[in-house]
């Protein structure tokens with residue numbers, strides 16, 4: 001899988017690149033508008049991460065360019081601008097998702113995975129991890145063909161964990177993922193503990209492996225035993 | 001203090017002066033008139049006597065005097081009463097025609113007739129004086145009253161006209177709010193003082209608005225500029241998390257991560273505050289408060305679990321409000337999280353809707369908060385708490401721009417925030 005990161009802050013694109021590398025995602029970077037345009041013109045990507053504020057141009061222009069060239073890449077806008085107008089304009093110009101800076105790399109990764117899943121949808125849409133099968137469409141989870149009864153939050157959590165396989169996830173990253181728009185107001189992230197505990201119990205009771213590891217002082221990690 | 005209007009103040013002074021003048025002038029005038037009349041009467045009496053003497057009645061006989069006395073009602077010559085010089089006295093005498101006692105002036109004067117001393121007595125009725133003095137006084141009063149009312153009326157009209165630009169300026173200043181974009185537009189005036197007042201005010205407002213805008217922009221720009229370094233900070237910590245860390249290092253990174261989350265939240269809230277200031281959210285729609293709370297109750301119950309709070313709702317009415325949806329949601333979330341954040345273990349939260357008001361009642365610290373300052377930015381009761389001191393400022397701001405009313409009260413160890421829509 002190959003993606004293009006259009007971002008003028010090299011350190012941010014480098015962090016993304018490093019984080020995604022272990023998930024088999026190949027990242028190319030473009031620090032400015034012109035470079036981005038030439039890369040888009042020459043290659044096809046699975047996904048484009050787009051910063052709106054570039055030193056030599058407007059990110060929206062890149063969206064227009066993609067549209068005019070009938071490119072079908074999924075685009076996630078990563079921007080420091082946070083208001084309804086820019087968000088709506090981004091979606092109108094063909095962006096698929098919008099993530100406000102600062103964000104967690106884990107969040108970016110699962111959003112990208114979800115986007116690529118949607119784009120590459122071919123009949124079935126399930127995530128398989130050993131004995132665990134998650135059907136995105138019907139929102140059902142089976143372990144060794146036994147259906148699990150998960151709450152919406154638990155399902156969300158499971159997808160977040162599997163998506164970030166082998167990555168240490170901080171409590172705040174999980175809490176912010178689970179609480180969506182409300183995240184900015186939460187000052188206590190302990191509520192995720194209950195969700196983790198319940199999910200863990202449901203998975204192991206159905207005969208699944210104990211993949212959720214607690215990392216002392218930091219958070220959790222989904223790890224193949 | 002009992003404030004009076006400027007116009008009333010001048011008019012009142014005039015009125016007071018007029019009343020005082022009337023009260024003092026009326027009796028003084030009356031007595032002066034009376035005194036003058038009596039003085040004139042006495043002059044006339046003496047003049048008559050002089051005339052009597054000089055018209056040489058010296059040769060009057062006893063019979064002549066009797067005849068004189070017979071035909072003259074007001075003047076009589078009587079035997080010497082021992083009067084040595086002219087003397088005039090005031091006396092009440094019975095007047096048969098009027099059948100009552102009336103005031104008289106009586107002159108007693110010594111006269112010599114045929115070498116014999118007699119006393120000359122002449123009396124004059126003062127009744128006509130009474131009537132005249134009263135009517136003169138009445139006329140005088142009438143003129144004074146007309147004069148004074150005229151002066152008051154004219155001065156009032158004139159003052160109204162003169163002060164009109166002042167009142168216009170005053171009205172505009174009263175309506176002026178620095179955070180709204182409505183600079184006052186003073187009407188030009190040809191009165192120098194008011195013109196200077198207007199110009200000074202204009203300059204003052206212009207300067208302050210500029211400072212205010214500058215400060216607002218500074219907060220907004222600072223918050224915006226902080227987002228990129230914060231993003232760098234966050235992504236680097238996320239990267240750091242993936243390294244093989246010792247227990248000690250993990251703890252450090254974990255607490256760093258908490259700090260950056262807190263910074264993020266603070267920054268987002270600052271951005272939100274400046275966004276409300278700029279009133280980007282203007283679209284109005286109808287929001288059913290009860291529905292929103294019920295829909296998100298699970299989320300809040302989850303947040304409250306750590307403190308084992310009991311949350312109950314008491315919806316007496318369907319609260320349907322008009323306002324900006326995003327702002328109303330931020331308001332409700334903040335109120336709810338505020339009630340959770342400042343609660344105690346095993347505490348309670350009660351949400352009540354009644355008529356057009358919404359109440360969040362919660363247990364917490366057993367002392368009332370200081371109502372004057374709780375809605376200020378960064379006013380925290382407990383400096384070590386995780387809250388960033390912006391929650392209530394945001395609540396207040398949203399209420400202000402939406403023209404809702406927020407009130408805090410403390411009763412029976414319960415903190416209550418009530419929003420009236």
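Protein chains in written order, with full-length UniProt numbering: chain Z, 1 to 225; chain X, 1 to 421. Glycine residues also receive a C-beta, built at the ideal position from the N, C-alpha and C atoms. Just so you know, these numbers come straight off a predicted model, no measurement behind them.
query                                                                                                                : result
Cβ of residue 238/X within 8 Å of any chain Z Cβ                                                                     : yes
Rounded C-alpha distance that separates residue 103/Z from residue 262/X                                             : 13 Å
Residue burial classification, residue 51/X (beta-carbon count within 10 angstroms, cutoff 16)                       : exposed
Residues of the stretch 15-43 of chain Z with Cβ closer than 9 Å to any Cβ of chain X, in chain order                : 15, 16, 18, 19, 22
Cβ of residue 403/X within 8 Å of any chain Z Cβ                                                                     : no
Rounded straight-line distance, which links the Cα of residue 53/Z to that of residue 226/Z                          : No statement about residue 226/Z is possible, as the shown extent of chain Z runs from 1 to 225 and does not include it.
Residues near residue 267/X in its chain [Cβ-Cβ closer than 7 Å; skip 5 each side]                                   : 223, 226, 227, 230
Residue 155/Z versus 166/Z, 198/Z, 117/Z, 55/Z, residue with shortest Cα-Cα distance                                 : 198/Z
Proximal residues of chain Z, C-beta to C-beta of residue 254/X below 7 Å                                            : 217, 218
N-terminal and C-terminal residue of the beta strand (DSSP E) that residue 415/X is part of                          : 414-420
Reduced DSSP secondary structure (H/G/I, E/B, other) of residue 90/X                                                 : strand
Closer than 8 Å to chain X by CB, residue 199/Z                                                                      : no
Selection from 214/Z, 223/Z, 8/Z, 19/Z that minimises the alpha carbon distance to residue 112/Z                     : 19/Z
Within chain Z, the residues that residue 275/X reaches when beta carbons sit closer than 9 Å                        : 82, 83
Residue span of the beta strand (DSSP E) that contains residue 109/X, given as start and end                         : 100-113
is_contact[residue 105/Z, chain X] using C-beta, thresh 8 Å                                                          : yes
Secondary structure of residue 1/Z, DSSP reduced to three states                                                     : coil
Endpoints, beta strand (DSSP E) assigned at residue 125/X                                                            : 116-125
Neighbour-count burial assignment, residue 153/X, 16 or more Cβ in a 10 Å radius                                     : exposed
Cβ-based burial, residue 92/X [other Cβ within 10 Å; buried from 16]                                                 : exposed
N-terminal and C-terminal residue of the beta strand (DSSP E) that residue 407/X is part of                          : 405-411
Contact between the stretch 13-20 of chain X and the stretch 179-197 of chain Z (3+ Cβ pairs under 8 Å)              : no
Backbone secondary structure at residue 286/X - three-state DSSP                                                     : strand
Chain Z residues whose Cβ lies nearer than 9 Å to that of residue 8/X                                                : Neighbours of residue 8/X on chain Z: none; closest Cβ ~52 Å, over 9 Å.
In DSSP terms, what residue 53/Z is bridged to                                                                       : 58/Z
Interface partners of residue 250/X on chain Z, CB under 7 Å                                                         : 215, 216, 217, 218
Cβ-based burial, residue 404/X [other Cβ within 10 Å; buried from 16]                                                : buried
Three-state secondary structure assigned by DSSP to residue 74/Z                                                     : strand
Partners in chain B for residue 306/X, counting only beta-carbon separations shorter than 7 Å                        : The structure shown contains no chain B; its protein chains are Z and X.
For residue 99/Z, the three-state DSSP class (helix, strand or coil)                                                 : strand
Integer Cβ distance of residue 269/X from residue 376/X, believed to fall under 8 Å                                  : In fact, because the Cβ distance is near 14 Å, the residues do not count as touching under 8 Å.
Outcome for residue 165/X when other beta-carbon atoms lying within 10 angstroms are tallied against a minimum of 16 : buried
Within chain Z, partners of residue 206/X - CB distance below 8 Å                                                    : By Cβ distance, chain Z contributes nothing, its closest Cβ being about 29 Å from residue 206/X, past 8 Å.
Best match in 10/Z, 1/Z, 84/Z for proximity to residue 44/Z [C-alpha to C-alpha]                                     : 1/Z
CB contact flag (residue 163/Z, residue 109/Z, <8 Å)                                                                 : yes
C-alpha distance - residue 33/Z paired with residue 332/X, whole-angstrom precision                                  : 41 Å
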